[in-house]
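Counting in the working numbering, the sequence shown runs from 1 upward without gaps. Built from N, CA and C at the ideal position, the CB exists for glycine as well. Beneath this line is the structure, given in structure tokens, with notes to follow.
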Amino acid sequence: VVDRPGVIADIAAALRDAGVSLASMLQRGRAPGETVPVVLVTHETNEAAMRAALDHIQRSDAVLESPALIRIEPA
1 VVDRPGVIAD
11 IAAALRDAGV
21 SLASMLQRGR
31 APGETVPVVL
41 VTHETNEAAM
51 RAALDHIQRS
61 DAVLESPALI
71 RIEPA
């Protein structure tokens, strides 16, 4: 994503609107305006809700690459 104010808020709103709860997030900042990867871990959710959130996130002009979904199965 582009490192600028409001991007993380937009991602959080997409998760909220889809009913997905965020467990943790990792974003290492760079200079304003540069790109930075964002890693999100959610609480357990269903496939449809997660896909809805990712579709919304992908449409953001601040997201420069397609989001990737990696499942974390319970132990």
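query                                                                                               : result
Reduced DSSP secondary structure (H/G/I, E/B, other) of Ala9                                        : helix
Proximity of Ile57 and Ile11 at Cβ, strictly below 8 angstroms                                      : yes
Own chain residues within Cβ distance below 6 angstroms of Val38, not counting five before or after : Val1, Gln27
Nearest-angstrom beta carbon gap, Thr42 and Leu22 [assumed within contact, 8 angstroms]             : 6 angstroms
Alpha carbon of Val36 to alpha carbon of Met25, nearest angstrom                                    : 13 angstroms
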